[in-house]
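Position 157 of the sequence shown, counting from 1, maps to 612 under this note's numbering, and the rest follow consecutively.
We put the CB at the ideal spot given by N, CA and C, even for glycine.
Keep in mind that this is a model prediction, so the values were computed, not measured.
I have placed the structure first, in the form of structure tokens, so that the comments after it can refer back to it.
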Amino acid sequence: MSEIEKQEIVDMFVQSALRCAEFYDLLSSHIPHEQLKKIFSDLSFDGKKLSKELKSWSELPMHVAPRQYFDINRSKYYFDSLSQKSLQTDVKVMEEILPELSDIASALQIAISFEKDGILFWEEMKSLSEGELSKFITDLISQRKQRVSMLLKMKGELVQG
């Protein structure tokens, strides 16, 4: 993998993490529920922290496992197309949806959908990765799944309470 391709991939990973932070900042600013606001603020902080971690990957050897459909010379376009299919990339759409939120359950459902999109995105990235990068992404996916569980639990408690 060329240094240019590696940097493009790292940049895309960083942008994904920053979009996550931006998404949760936006959610936090539209939710009056204090506990949820705190959780969304914490998730935003995690996204910003992750973006810094991901930047360090540009300094490390990175191995990406080519697939039949994966043209190593066009990796930027491939990764961009994966990214564009995700709710994560469209914070502008979220800005239009959020004022319409009328209840906490809706906010939680949007966050759950966002996290599930992130899991799908990172699972695809993992399938293209090897070595330390693959391990890192596996841990990231595990964290995202924990977030989904936490948000689902909160939504369940809200419905019961």
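Same chain, Cβ closer than 6 Å to residue i, neighbours up to 5 away in sequence not counted
i: Ala566; result: Leu606
i: Tyr479; result: Phe495, Leu498, Ser499
i: Arg599; result: Glu570, Gly573, Ile574
Among the options, nearest to residue i - alpha-carbon criterion
i: Leu498; options: Ser511, Leu509, Leu481; result: Leu481
i: Ile559; options: Gly611, Ile464, Lys503, Lys504; result: Gly611
i: Met609; options: Pro487, Lys590, Gln564, Ile552; result: Gln564
i: Ile552; options: Ser471, Met467, Leu473, Ile486; result: Ile486
i: Phe576; options: Leu595, Ser484, Lys503; result: Leu595
i: Lys629; options: Glu489, Val614, Ser471; result: Any answer about residue 629 is impossible in this case: the structure gives the chain only from 456 up to 616.
i: Asp501; options: Ser484, Ala476, Lys600; result: Ala476
Contacts around residue i, its chain only, beta-carbon distance under 8 Å, and the 5 residues preceding and following it disregarded
i: Ser561; result: none
i: Val603; result: Ile567, Glu570, Lys571, Ile574
i: Gln462; result: Ser513
i: Val465; result: Leu509, Lys510, Trp512, Ser513, Met517
i: Val614; result: Ala560
Neighbourhood of residue i by C-beta, 7 Å cutoff - its chain only, sequence neighbours within 5 removed
i: Val469; result: Ser506, Leu509, Lys510
i: Lys581; result: Ser589, Ile592, Thr593, Ile596
i: Leu491; result: Ile559, Ala562
8 Å contact criterion, which residue i and residue j should meet: CB distance rounded
i: Asp583; j: Trp512; result: Rather than Asp, the amino acid found at residue 583 in this sequence is Leu. About 14 Å; that fails the 8 Å criterion.
Proximity test, Cβ basis, 9 Å: residue i and chain B
i: Phe591; result: The chain inventory of the structure shown lacks chain B, comprising one protein chain alone.
**Request:** Would you mind listing the alpha helix (DSSP H) stretches within the region 458-514 that are 4+ residues and don't spill past its ends, in chain order?
**Result:** Qualifying alpha helix (DSSP H) stretches, in chain order: 458-485, 489-510.
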